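Some notes on the structure that comes next.
And the structure:
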């Protein structure tokens, strides 16, 4: 009576996030402490700052009407100007030195929309994107849904390994695959999921590398700076973008979700000029412009200094949480053979390795941790199999952004109990599971 | 030194909106009266209503924090529940009779995002979509960018001609093309661009037709009800969706942009159940959820009755504007041979035919009208060539949504002066230009 739907090939390639199942389980257990979801700290959301800015908008009918009316596809001019100046100030670089102006800035529905739109305008099935290993799993699934071949390059404590990337590019140049390589994706500040930061010298080297290997077409770097403003020190490293002369290779992606409020779902991009028109044509079809009201609200918070004051407060909030989880890891896993973890300088993620323990959805640790009342993101969700088909399975992402310090400590204690419990149950299996 | 960008095949298929060029020209001439842009009336935007609702949110820290935090991909549960009940109330149908529940409602970034996501999950290049002729030009370009073959079916004063659609479907069934036909797109209330409404009996017939021609797969109807709540009478026709038993064939697309505020960029869909998961997987990649803050604001305006009061006011506003433009058309074009126009019962568009006059971007009328200080949307932008390659060129869309009554009258006077001027310059050419 009701024949089946006929969906597109792309719909068939678009799979559910592997983490969804566990997130739903977590919702059903109110006692569970989740270090899985990458949300932001609730208590420090800028309620007073937003209330004041909203008052300023809504009490002036002309400004209020402009905020409630349609915006433009590229975004609010005043916000686009502020964004660019803001990034220049973070970089300590003069405006003139960028080879940019306000028209090279596009406002997006969070940075996720930018990632998506770039996929759409850049990649055909079979094209290649280089990512860090590990990397942001939601982006992996967007790439896969576009039929992109994702090639991971390993990281160390200085971020993406430039020597490994160079070797890969040389191999691609020889094999002809360089023709299909379009973009190198890099989350260079307090990376999601590892918490690692790309070092100063590697930022310079990365630019040199993409220039050198831009043979027939221009290799692009997508610099995902989502966590940049959550650095614990007021002055972090300058962006990769700041190291290029002019604006040709680097797409700088920023967002107001982390440093301000995710409910406003507003991100932005600084783009090489010849990418602006194709991006806007695509965005025109998606929505002809992101939420104008939120753009007006953020612009006003930036204009009256509330945004900067709020970000300064956040540094302390996230630093205290990071200290709490690092202390707990030291206390609980300092004696665990093969345990090691990153020490972030900002952001909201710690990457924990338990060498030899299967942390994945089919391993014992995840279900035992759920029974103990904690949830993490299995590290394998953040990896793509390498070219030999190998997928690392003994790591996990711990998000310290959401829970308060005492709950972070309790979550790590529960994780240790879970690890102890599976080690007792089958001591050999636990260390051979990977 | 900087090799060219390598864009995707889809980027190459994504062209600029043909209207953009004229819109930019219009911005450069502040004296111009534009009846081209389909924006809403500025003066009636719900400033007081939004201010009160925002006060209610921001003065309660828990509610404010929830509004500033991430939402979910499917949207705010309270808003999804209200939306569904709201549509049922407009339809005068009991909730139980729909075969729906709150989980079949998805909130989108305006209805444009819904159109886009449906394209993505339903169509492969070469698939067929039936549209009305004329139809919404932004949707045309989204369809084209997905490689869809758009087949127009003519309208009359009762909307889409069901007899013509039936003949087409029968032909498709014989030729085998029915396999590629996925969807019939219908803007059934005060259509953009024609202002026409699908009659009551045709709503029923349309449902019967898609059921009858759902052979191997299920034919879908996309009911774009964007202008529904701008009907001049408080009780308009029930939706196409209300005529189906259960929820299988009709996707109902609604928006808060027209009846509330476009700056909040919030739309919604009532979906057949088996479309919800594919749509949410796609939306997860795009943005994992639309602007949560705006959803909370709209939900509160609906909860406290401000939304309904506002919509009731809008009826009067748009009716007065429609009266003004219809009177002006009667006065200015009543004596013009071959002039005819639609008489909308709601919405913001009148469709004017000047038989024999080339209204297109290469004709004389458009540039002469610009010189006189008015702008319209050439009708040919709203048409796809029919199967014989013919494209109608003697119509135009006039939007009465933006300008106040006295400026609408002046715009029509200017249009008449432009028409007179080209008729004087080449009386024969004007009537042979099509």
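Residue numbers (the working numbering), protein chains in the order written: chain A, 1 to 434; chain B, 1 to 434.
Beta carbons are placed, not taken as given, at the ideal position from N, Cα and C, and that holds for glycine.
Since the model is a prediction, treat every value here as computed from it, not as a measurement.
Quiz item: How about residue 342 (chain A) and residue 196 (chain A): do their beta carbons lie closer than 8 Å?
Solution: The count along the first chain starts at 1 and reaches residue 342 (chain A) at position 342. The count along the first chain starts at 1 and reaches residue 196 (chain A) at position 196. Contact flag set, yes.
Quiz item: Considering only C-alpha positions, which residue in the set B:97, B:408, B:374 and B:398 is nearest to residue 29 (chain B)?
Solution: Position 29 of the second chain, counted from the start, is the residue given in the question as residue 29 (chain B). In this structure, B:374 is the residue among B:97, B:408, B:374 and B:398 with its C-alpha nearest to the C-alpha of residue 29 (chain B).
Quiz item: Curious, which full-length beta strand (DSSP E) runs of at least 3 residues does the stretch 84-109 of chain A contain?
Solution: DSSP runs (the beta strand (DSSP E)) wholly in the stretch 84-109 of chain A: 105-108.
Quiz item: Would residue 191 (chain A) be called buried (16 or more neighbouring beta carbons within 10 Å of its own) or exposed?
Solution: Residue mapping note: residue 191 (chain A) aligns to position 191 of the first chain, counting from 1. For residue 191 (chain A), the number of other beta carbons within 10 angstroms of its own is at least 16, and it is reported as buried.
Quiz item: Can you tell me whether DSSP reads residue 182 (chain A) as helix, strand or coil?
Solution: For the purposes of this step, residue 182 (chain A) is taken as the residue at position 182 of the first chain. In the three-state DSSP reduction, residue 182 (chain A) falls in the strand class (E or B).
Quiz prompt | Distance between residue 418 (chain A) and residue 425 (chain A) (C-alpha atoms, nearest Å) | solution = Taking the first chain and counting its residues from 1, the one referred to as residue 425 (chain A) is at position 425. Taking the first chain and counting its residues from 1, the one referred to as residue 418 (chain A) is at position 418. About 11 Å.
Self-check item: Members of the stretch 119-132 of chain B near chain D, C-beta cut-off 7 Å
Solution: Among the protein chains in the structure shown, which are A and B, there is no chain D.
Quiz item: Using DSSP with H/G/I as helix, E/B as strand and the rest coil, what is residue 77 (chain B)?
Solution: Within the second chain, residue 77 (chain B) is the residue found at index 77, counting from 1. Note: residue 77 (chain B) maps to helix in three-state DSSP.
Practice problem: With 8 Å as the C-beta to C-beta threshold (strictly closer), list the residues of the stretch 25-57 of chain B near chain A in chain order. | Solution: When CB distances to chain A are screened at a threshold of 8 Å, the residues of the stretch 25-57 of chain B falling below it are 39, 40, 42, 43, 45, 46, 47, 50, 51 and 54, in chain order.
Quiz prompt | Distance between residue 306 (chain A) and residue 85 (chain B) (C-alpha atoms, nearest Å) | solution = What you label residue 85 (chain B) is simply residue 85 of the second chain in a count that begins at 1. What you label residue 306 (chain A) is simply residue 306 of the first chain in a count that begins at 1. Each residue's alpha carbon lies about 39 Å from the other.
Quiz item: Whose Cβ in chain B lies nearer than 8 Å to the Cβ of residue 182 (chain A)?
Solution: Taking the first residue of the first chain as 1, we reach residue 182 (chain A) at position 182. At a C-beta separation below 8 Å, residue 182 (chain A) has these neighbours in chain B: 6.
Quiz item: How about residue 214 (chain A): is its C-beta nearer than 8 Å to some C-beta of chain B?
Solution: Here residue 214 (chain A) corresponds to residue number 214 of the first chain, with the count starting at 1. Taking 8 Å as the CB threshold, residue 214 (chain A) lines the interface with chain B.
Quiz item: Between A:184, A:243, A:75 and A:407, which lies nearest to residue 292 (chain A) when the distance is taken from Cα to Cα?
Solution: Numbered from 1 along the first chain, position 292 holds the residue referred to as residue 292 (chain A). Nearest option by C-alpha distance: A:75.
Quiz item: Thinking just about the alpha-carbon of each residue, which of A:353, A:381 and A:344 is nearest to the one in residue 400 (chain A)?
Solution: For the purposes of this step, residue 400 (chain A) is taken as the residue at position 400 of the first chain. Measuring from the Cα of residue 400 (chain A), the nearest candidate turns out to be A:344.
Quiz item: At a Cβ cut of 8 Å, what residues of the stretch 132-152 of chain A count as close to chain B, listed as they run along the chain?
Solution: From the stretch 132-152 of chain A, only 138, 141, 142 and 145 have a Cβ closer than 8 Å to chain B.
Self-check item: Contact residues within the stretch 271-282 of chain A, judged by C-beta distance below 7 Å to chain B
Solution: The residues in question are 274, 275, 278, 281 and 282.
Quiz item: Considering only residues of the same chain and omitting the five flanking positions on each side of residue 328 (chain A), which have a CB-CB separation below 6 Å?
Solution: Position 328 of the first chain, counted from the start, is the residue given in the question as residue 328 (chain A). Contacts found: 409 and 412.
Practice problem: Measure how close the beta-carbons of residue 396 (chain A) and residue 378 (chain A) come, nearest whole angstrom, since I'm counting them as under 8 Å. | Solution: Residue numbering aside, residue 396 (chain A) sits at position 396 when the first chain is read from its first letter. Residue numbering aside, residue 378 (chain A) sits at position 378 when the first chain is read from its first letter. So it is a contact: roughly 6 Å between Cβ atoms.
Practice problem: Hey, could you find the ends of the alpha helix (DSSP H) residue 247 (chain B) is sitting in? | Solution: In the second chain, the residue the question calls residue 247 (chain B) occupies position 247. From DSSP, residue 247 (chain B) is part of no alpha helix (DSSP H); its letter is neither H nor E.
Practice problem: Alpha carbon to alpha carbon, how far is residue 231 (chain A) from residue 322 (chain A)? Give it in angstroms, no decimals. | Solution: The sequence position of residue 322 (chain A) within the first chain is 322, counting from 1. The sequence position of residue 231 (chain A) within the first chain is 231, counting from 1. Straight-line spacing of the CA atoms in residue 322 (chain A) and residue 231 (chain A) works out to 11 Å.
Quiz item: How is the beta strand (DSSP E) around residue 221 (chain A) delimited, first residue to last?
Solution: Along the first chain, read from residue 1 onward, the residue named residue 221 (chain A) stands at position 221. Element bounds for residue 221 (chain A): 220-224.
Quiz item: Beta-carbon of residue 429 (chain A) versus every beta-carbon of chain B: anything under 8 Å?
Solution: Reading the first chain from its first residue, position 429 is the one you call residue 429 (chain A). For residue 429 (chain A), the predicted structure reports a pLDDT of 49, less than 50, and the residue's modelled location is therefore unreliable. The matter cannot be settled from this model.
Practice problem: Answer yes if the stretch 51-68 of chain B comes into contact with the stretch 286-301 of chain B, meaning at least three C-beta pairs across the two stretches below 8 Å, and no otherwise. | Solution: The answer is yes - the stretch 51-68 of chain B touches the stretch 286-301 of chain B, with three or more Cβ pairs under 8 Å.
Quiz item: Exposed or buried, which one is residue 334 (chain A) when buried takes at least 16 other CB atoms within 10 Å?
Solution: The residue you call residue 334 (chain A) lines up with position 334 of the first chain. It is exposed - the Cβ of residue 334 (chain A) has fewer than 16 other Cβ atoms within 10 Å.
Practice problem: Buried or exposed for residue 347 (chain B), please, with buried defined as at least 16 other CB atoms from any protein chain shown within 10 angstroms of its CB. | Solution: Here residue 347 (chain B) refers to the residue found at position 347 when the second chain is read from its first residue. Buried: at least 16 other Cβ atoms inside 10 Å.
Exercise. Output, in sequence order along the chain, the residues in the stretch 80-110 of chain A whose CB is closer than 7 Å to any CB in chain B.
Key: Answer set for the stretch 80-110 of chain A: 109 and 110.
Self-check item: Beta-carbon proximity list for residue 338 (chain A), same chain, < 7 Å, skipping 5 on both sides
Solution: Taking the first chain and counting its residues from 1, the one referred to as residue 338 (chain A) is at position 338. The residues are 354, 355 and 356.
Quiz item: What does a CB cutoff of less than 8 Å around residue 9 (chain B) pick up in its chain, not counting 5 residues either side in sequence?
Solution: Taking the second chain and counting its residues from 1, the one referred to as residue 9 (chain B) is at position 9. Cβ neighbours of residue 9 (chain B) beyond the five flanking positions: none.
Quiz item: Within the 8 Å Cβ cut-off, does residue 262 (chain A) reach chain B?
Solution: Translated into the one-based positions of the first chain, residue 262 (chain A) becomes position 262. For residue 262 (chain A), the answer is yes, since a Cβ of chain B falls inside 8 Å of its Cβ.
Exercise. Below 7 Å between beta carbons is the criterion; list the residues of the stretch 305-319 of chain A that meet it against any residue of chain B, in chain order.
Key: The residues in question: there are none.
Quiz item: Going along chain B, which residues have a C-beta under 9 Å from residue 16 (chain A)?
Solution: Residue mapping note: residue 16 (chain A) aligns to position 16 of the first chain, counting from 1. Near residue 16 (chain A) (Cβ distances below 9 Å), the residues of chain B are 277, 280, 281 and 284.
Self-check item: Beta carbon proximity, residue 292 (chain A) to chain B, threshold 8 Å
Solution: The residue you call residue 292 (chain A) lines up with position 292 of the first chain. Under the 8 Å criterion on CB atoms, residue 292 (chain A) is classed as interfacial with respect to chain B.
Exercise. Express the C-alpha separation of residue 224 (chain A) and residue 284 (chain B) in angstroms, rounding to a whole number.
Key: Along the second chain, one-based indexing puts residue 284 (chain B) at 284. Along the first chain, one-based indexing puts residue 224 (chain A) at 224. So the two alpha carbons sit approximately 18 Å from each other.
Self-check item: For residue 163 (chain B): DSSP bridge partner residues
Solution: Residue numbering aside, residue 163 (chain B) sits at position 163 when the second chain is read from its first letter. None, per the DSSP bridge assignment.
Practice problem: Output yes or no for whether 8 Å exceeds the beta carbon distance between residue 271 (chain B) and residue 279 (chain B). | Solution: In the second chain, the residue the question calls residue 271 (chain B) occupies position 271. In the second chain, the residue the question calls residue 279 (chain B) occupies position 279. Contact check for residue 271 (chain B) against residue 279 (chain B) passes: the beta carbons are separated by less than 8 Å.
Self-check item: Where residue 59 (chain B) falls, given that 16 or more other Cβ within 10 Å makes a residue buried
Solution: The residue you call residue 59 (chain B) lines up with position 59 of the second chain. With fewer than 16 other Cβ atoms within 10 Å, it is exposed.
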